[in-house]
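Undergrad: In our numbering, the protein residues as written are 3 to 109. I'd like to ask you about the structure that follows.
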């Protein structure tokens, strides 16, 4: 399952305006850990698509949102609920660790 890409222009509607929690993967094409993280995020999205949406935001192509939310290193995952950040995860983690950190929102 390919994750949806969001942009500086679509962020407000796609993330802040969503009815369910949205996990934003701040990434870049040159980032090795970001590429390693992608299959885990795709698996979580496929297994929990009724409870959470996972989207990708390329920070090189969309620097405004990354700067606005203070993303200083990648990969950074930010979970938004009702337009507010409720969790931030920095660094590539295994799928099980991500599911543990997101457990409250996946149950």
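Here a beta-carbon is modelled for each residue, glycine too, at the ideal position from N, C-alpha and C.
In whole angstroms, what is the alpha-carbon distance linking residue 120 and residue 15?
TA: Given a span of 3 to 109 for the chain in the structure shown, any question on residue 120 remains unanswerable.
Undergrad: Taking DSSP as the reference, what is the three-state secondary structure of residue 76?
TA: Of the three classes helix, strand and coil, the one that applies to residue 76 here is coil, per DSSP.
Undergrad: Verify whether the separation of the beta carbon atoms of residue 87 and residue 73 is less than 8 Å.
TA: No, the pair does not count as a contact, with Cβ atoms beyond the cut-off.
Undergrad: Can you list, in chain order, the residues of its chain whose CB lies under 6 Å from that of residue 80, leaving out five sequence neighbours each side?
TA: Only 26, 87 and 90 meet the Cβ criterion.
Undergrad: Taking the beta carbon of residue 22 as the centre, do at least 16 other beta carbons fall within 10 Å, making it buried, or is it exposed?
TA: Classification of residue 22: exposed, given that the 10 Å Cβ count is below 16.
Undergrad: Kindly identify the DSSP beta-bridge partner or partners of residue 86.
TA: BP columns for residue 86 point to 83.
Undergrad: Per DSSP, which residues does residue 25 bridge with? Please list them.
TA: Looking at the DSSP assignment, residue 25 forms a beta bridge with 56 and 81.
Undergrad: Please report the distance separating the alpha-carbon of residue 85 from that of residue 64.
TA: About 19 Å.
Undergrad: Along the chain, where does the alpha helix (DSSP H) that runs through residue 102 open and close?
TA: Note, residue 102: alpha helix (DSSP H), 97-103.
Undergrad: Assign residue 78 to one of two classes, buried (16 or more other C-beta atoms within 10 Å of its C-beta) or exposed (fewer than that).
TA: Burial call: buried.
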